[in-house]
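Input: a single structure, listed below in structure tokens.
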Amino acid sequence: MTIQREFSNRSKQLCDDALIEMYRSMVTIRQFEDEIQRCFLKGMMQGTTHLCQGQEAVSVGAMKTLRDDDYITCTYRGHGQCLARGMPIDRTFLEILGRKGGVCQGKGGSMHLTDFSRGLLGSFAIVGAGLPVAVGAGLSAQLRGDGQVSMTFFGDGSTNIGAFHEALNLAAVWQLPVVFVCENNLYGEYSPLRATTTVDDLAVRAAAYDLPGYVVDGNDVLAVYDAIGDAVDRARRGLGATLVECKTYRHSGHSRTDPATYREQAEVDAWLARDPIARLRSELVEREILTIAQSEAIGSELLANMQEVSHAAGEAPWPDEKVMREDVLV
Amino acid sequence: MTIQREFSNRSKQLCDDALIEMYRSMVTIRQFEDEIQRCFLKGMMQGTTHLCQGQEAVSVGAMKTLRDDDYITCTYRGHGQCLARGMPIDRTFLEILGRKGGVCQGKGGSMHLTDFSRGLLGSFAIVGAGLPVAVGAGLSAQLRGDGQVSMTFFGDGSTNIGAFHEALNLAAVWQLPVVFVCENNLYGEYSPLRATTTVDDLAVRAAAYDLPGYVVDGNDVLAVYDAIGDAVDRARRGLGATLVECKTYRHSGHSRTDPATYREQAEVDAWLARDPIARLRSELVEREILTIAQSEAIGSELLANMQEVSHAAGEAPWPDEKVMREDVLV
Amino acid sequence: MGVCMTATLVETSYREAIGMALAEEMRRDSTVILMGEDVADAGGVFKATLGLKDEFGAARVRDTPISEMGFVGAGLGLAITGYRPVVELMFADFIGVCYDQIANQIAKYRYMSGGQTAVPMVIRAVGGAGLRFGAQHSQTCETWLLANPGLKIVCPSSPKEAYGMIKAAVRDDNPVLVLEHKGLYGNRGEFECGEEGLVDLKNPALVRPGKDMTIVASLAMVGRCLKACDIVAEKGIEPEVIDMRVLRPMDVSPIVASVRRTNRLITVEEGPRVGGWGAEVAAQITDEAFDDLDSPPLRITLPDHPMPFSAPLEDAVLPSAEGIAETIVALHEGG
Amino acid sequence: MGVCMTATLVETSYREAIGMALAEEMRRDSTVILMGEDVADAGGVFKATLGLKDEFGAARVRDTPISEMGFVGAGLGLAITGYRPVVELMFADFIGVCYDQIANQIAKYRYMSGGQTAVPMVIRAVGGAGLRFGAQHSQTCETWLLANPGLKIVCPSSPKEAYGMIKAAVRDDNPVLVLEHKGLYGNRGEFECGEEGLVDLKNPALVRPGKDMTIVASLAMVGRCLKACDIVAEKGIEPEVIDMRVLRPMDVSPIVASVRRTNRLITVEEGPRVGGWGAEVAAQITDEAFDDLDSPPLRITLPDHPMPFSAPLEDAVLPSAEGIAETIVALHEGG
Ligand SMILES: Cc1ncc(C[n+]2csc(CCOP(=O)(O)OP(=O)(O)O)c2C)c(N)n1
Ligand SMILES: Cc1ncc(C[n+]2csc(CCOP(=O)(O)OP(=O)(O)O)c2C)c(N)n1
Ligand SMILES: [Mg+2]
Ligand SMILES: [Mg+2]
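Each protein sequence line maps, in turn, to chains A, U, F and P. Number 332 marks the last residue of the first sequence (the working numbering); no jumps. Number 332 marks the last residue of the second sequence (the working numbering); no jumps. Number 793 marks the last residue of the third sequence (the working numbering); no jumps. Number 793 marks the last residue of the fourth sequence (the working numbering); no jumps.
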């Protein structure tokens, strides 16, 4: 089986409002991550965090293909997926700051964002751990028979751990409705992919399980929507799992302590030039769905809100000490 | 990368004595396993054991490609590899019976046969566990630079565990002299391969690491020698690892408690008709390297010895109790 | 299957008790799903799940590839989306290949999510020595996961306990690790089936009343301790035997109550000394009943080395009824 | 790198002490090989291996894929074929994904082979809380592998110990699991370098003499206990502090000797109560020094739940110097 690089054109069917909504979602994620970074610099946030500026198209394109009752797992670099899926900005922010009112009551943090009411089954901070869990959710969907789909996000480096292999094989053997979305941002923590893997396209690994492997430009939100839409379609129709590799790039370092000096400036520049938000904006402007002025207004409106959320989170109280003893067992 | 099914004809170079030696080795393994089975029936052996009657060609063909200083790991179904590599029959028998004088002093048993003096780095009873260890031995060989090769044996079912994936990827990334030999006998314990894997040829999995994948008739000892010989050559010349899938069949059940009723008699019969020992004998007789009478003499001679070994093992004392407290730490 | 004694009393093997419990819970609740290597068509290597696929079908009783990290993790995915998976690890020793899913994901899931969901999941793992399976297939693994809050860990020592604990585990909304013992599979025993047979997964249980000392044991060691008591009975010594039964969350109150009467404690476990649960029990009892103790708690464990394969060596390693009896006598006389 | 004080005395951070020890052993023995995720080019996420690739080259200092089972297992392969691998687990919590290789293969290897080979291998794993890394990146994992004979498990609490233990671990012919603590990486301290600095991986070490009670602590808790002693010194209380240091094989003789003088024991560890090493120490001390104990051993541990992310919650969970001081005072007065 060879890699598939051409997909249906379902994005052509998206109405203007939907496109603008996707644009807003991507800008929201970007601003959210930028604001988290500022909180770090101001000492308002502790611990670590893994931001996804530059990868917004994957989250937004993917989420747009899902139904409300679908399941999702993601990783410690999961803010984008959570927000694109509708996790409330304020409660997400509170969680990342460890304040009262956070989605996980301050017990999860940036690496463990979870929101069951939206099918967000968790951000997994152990590389590969989320994939088998998504397979289980896929089995649940198959058993229930309501056409639900389970989607799991993970990085390029995560395709080298055993759990990846076991999960894809299980999904293949049981023909489960699982969509494996690999965000290939070319690096693990600091190691470039070529230092830890011998294949250029990770999607070739799908063939080891007789699954289809897709490769798509992960910085083109509509292309992502097309490709993942096809995979979701296959899953819903009972045709089984797909591995979708989205080629993308993170603008900043792996985590807050990483200046990412291991990357050539030329590489960074080339990817900045392919910024997914700027690209969607250009397309919308070109197609006269949005004017530059409107896009700027959206940016300002969202930013004002984001700053308010951030400010409120910074002022929010800490969780009550008693919550730390709760929820160990039912 | 596609699967390779044609190999060099290096077996044509094997002299008559070498061929007869290989025949003797296969018969020895068969008799050894048969004798162990008898010991079980007679209550002389306790625990469990995993016999390899029917798979002798893989062990013998593979070992013939190796140098004395090469490394080998195998599994709980490893008697064949150990004997083909020259582990002394008597000390192997003693070990499997848990008697004094066993290769591992009675502390290993059937599932953990190990003989450092012959590069037999161990039989691993946790599925997949031997592969990373063989990768480490391959790294050791590469670092030392003496052209050593590391060879690891495992079953078809073992290709579904994470360690398989991690090991192949590591060997590929570091271009290590490792030969991965999959003995595909079509079943895990009781599960047929098709119930646990979606691909027919496990060798396709090599492509996930940009490694060559070979498929060979594992019941044809000369074909095995050719294919694995090619893989060993590649490894010795610094070209890296290969995954070799040997299609074969175990004549009996998974372990002593398994009557193997899950297999169709027609399937069993078809494979019995392809018995690797009978096939080599026919070929040697045809090529006038051996007469039927000679082959029978070999059989009787080896059998007499085997019975003697078995009898002696059955009479051998148990290990001294103090050995059980030794060798925990250096 | 078990022999019916009265309307609710049955007599079966440990193996059958497990199968019965699973079958009943699967009948009762259609969200119960079984998974594991060779559990469906073959009924498991120890045959505990024989017949379940025939009754409940291939969707609910599933053979898996050899992918413990994968299918244990899939169990978590099922558990948080409406099902009650029961996952079998063919040998408890294989916890090693899926430790992360159990310790880091399953045990911490509810907590890290801030209590958004329950994790109703059972992991059955078959451990224990005595069958000459060597170092990697003979461990009970009782303490490998002991330091992981969020898990329940239980150890059935008899058909009765196996039946009642597995039923309770399936109904429990928490992840429960059931550590079975392969050496007990053939043991037979009588128990009440149905709702009456459920075992509270809460605390140790008194199995033989006595007065001279308190012995706490788990799994196969319970039977050996009972035999030891028969031996010492001839000398007029009457130890009280408690089945440890629930390792996590650990509730030593029944042991405290017993020691307050007997003033002596012996723990007996099938695992290496350092890092065993006997230490935890000893420490807690010393803490709570210091003044009641006439002598320090005494721990009988495996020696501090892996399990040798050879039959007489394995036998020498395992605490025997006779050996335990000697310890009992020595403690009785010594104190 | 460290500041040279005299010919052999240096003053460095815990982080630098690790790097120094590794560099020196790599210079001394060309069979020492380093492997781990991002240990080479990046010098490790905690920067302990910075510069080693430059000095020793890419063959001996190797970045690995994210494949812990793979590269820890490869470490075993190296160790039994002539090399001395030092493998880094970026976070100790990742023991979960390679538990089988450590517990079933590495620890049992020598034994199962009947002593055919040594297994000279070091696994460095960085654990510990206090940095707001949440439930899966804050565990010390001190007892996850405690019940596995064949392993050595050591816990350096200071630059001195880190330096001396890592050097000794590299030279040890047994597999040694070195549990470091990320909260200590920036701590500075003075120690003798060179051969004099080697630490025997044998037993706990006295770090502060005293007379009123014995406190045994590990890793970051050692420092907190020392601070607690400063606090209670004002009240005239003088506890003796012992660094537990070597968890396996466990040798409690220095603790026994101390308790015979002080008659009281407190253990302090950064891990959940049930299944902690404090229980093992308490049980052994009770056993060996029962009549010397004025009161039952007292264990300070983490509460029995996973680590919460939120800063004040994490702080509330971790034993503080002040909290420990209060316990010391209460014990002193209570007894
Ligand atoms: C089992 C395990 N090993 C190592 C790590 C440490 N770690 C966290 S993220 C990461 C890199 C992951 O790279 P990739 O999968 O490409 O995801 P990205 O961060 O680029 O999104 C590593 C090594 C971990 N969390 N879990
Ligand atoms: C991690 C692990 N899971 C399960 C087992 C139990 N087990 C032993 S052999 C086996 C089947 C292996 O099948 P395969 O790899 O095809 O080898 P074969 O026995 O056919 O030679 C299983 C499931 C094990 N030993 N280790
Ligand atoms: Mg990446
Ligand atoms: Mg097989």
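In this text, a Cβ means the ideal position worked out from N, Cα and C, and glycines have one as well. As the structure is a prediction and not an experimental result, all values here were calculated from the model.
Heavy atom of ligand 3 within 7 Å of residue i beta-carbon
{"i": "residue 11(U)", "result": "no"}
{"i": "residue 632(F)", "result": "no"}
{"i": "residue 1(A)", "result": "Here chain A comprises residues numbered 3 to 332, so residue 1(A) is not present and cannot be evaluated."}
Cβ-based burial, residue i [other Cβ within 10 Å; buried from 16]
{"i": "residue 488(P)", "result": "exposed"}
{"i": "residue 610(P)", "result": "buried"}
{"i": "residue 221(U)", "result": "buried"}
{"i": "residue 172(A)", "result": "buried"}
{"i": "residue 263(A)", "result": "exposed"}
{"i": "residue 329(A)", "result": "buried"}
{"i": "residue 280(A)", "result": "exposed"}
{"i": "residue 186(U)", "result": "buried"}
{"i": "residue 44(A)", "result": "exposed"}
{"i": "residue 196(A)", "result": "exposed"}
{"i": "residue 268(A)", "result": "exposed"}
Chain P contact residues for residue i, given Cβ-Cβ distances below 8 Å
{"i": "residue 802(F)", "result": "The structure shown has nothing for residue 802(F), since chain F only spans 459 to 793."}
Cβ pair residue i, residue j closer than 8 Å
{"i": "residue 282(A)", "j": "residue 223(A)", "result": "yes"}
{"i": "residue 478(F)", "j": "residue 643(F)", "result": "no"}
{"i": "residue 548(P)", "j": "residue 584(P)", "result": "yes"}
{"i": "residue 695(P)", "j": "residue 673(P)", "result": "no"}
{"i": "residue 641(F)", "j": "residue 605(P)", "result": "no"}
{"i": "residue 55(A)", "j": "residue 313(A)", "result": "no"}
{"i": "residue 472(F)", "j": "residue 616(F)", "result": "yes"}
{"i": "residue 767(F)", "j": "residue 49(U)", "result": "yes"}
{"i": "residue 234(U)", "j": "residue 181(U)", "result": "yes"}
Proximity test, residue i beta-carbon vs ligand 4 heavy atom, cut-off 7 Å
{"i": "residue 159(U)", "result": "yes"}
Cross-strand partners of residue i (DSSP beta bridge)
{"i": "residue 730(P)", "result": "760(P)"}
{"i": "residue 639(P)", "result": "585(P)"}
{"i": "residue 675(F)", "result": "701(F), 726(F)"}
{"i": "residue 216(A)", "result": "6(A), 246(A)"}
{"i": "residue 76(A)", "result": "125(A)"}
{"i": "residue 610(F)", "result": "634(F)"}
Closer than 9 Å at the beta carbon, the chain U residues around residue i
{"i": "residue 201(A)", "result": "174, 209, 210, 211, 212"}
{"i": "residue 5(A)", "result": "In chain order: nothing, as chain U lies at least about 11 Å away."}
{"i": "residue 164(A)", "result": "130, 163, 164, 165, 166, 167, 168"}
Distance cut-off 7 Å: residue i Cβ against heavy atoms of ligand 2
{"i": "residue 190(U)", "result": "yes"}
{"i": "residue 526(F)", "result": "yes"}
{"i": "residue 79(U)", "result": "yes"}
{"i": "residue 301(U)", "result": "no"}
Distance cut-off 7 Å: residue i Cβ against heavy atoms of ligand 1
{"i": "residue 127(A)", "result": "yes"}
Neighbour list for residue i in chain A, Cβ cutoff strictly below 9 Å
{"i": "residue 637(F)", "result": "Residues of chain A passing the Cβ test: none, with the nearest at roughly 18 Å."}
Chain-ordered chain F contacts of residue i [CB-CB under 9 Å]
{"i": "residue 505(P)", "result": "Correct list: empty, because the minimum Cβ distance to chain F is about 25 Å."}
{"i": "residue 790(P)", "result": "Near residue 790(P) there are no residues of chain F at all, since even the closest Cβ is about 17 Å away, more than 9 Å."}
Contacts that residue i makes with chain U (C-beta to C-beta distance below 7 Å)
{"i": "residue 534(P)", "result": "135, 138"}
{"i": "residue 527(F)", "result": "164"}
Under 8 Å from the C-beta of residue i: neighbouring residues of chain F
{"i": "residue 107(A)", "result": "572, 573"}
Proximal residues of chain P, C-beta to C-beta of residue i below 9 Å
{"i": "residue 688(F)", "result": "In chain order: nothing, as chain P lies at least about 27 Å away."}
Contact set between residue i and chain A, taken where Cβ atoms lie within less than 7 Å
{"i": "residue 171(U)", "result": "162, 199"}
Contacts of residue i in chain A (Cβ-Cβ under 8 Å)
{"i": "residue 632(F)", "result": "331, 332"}
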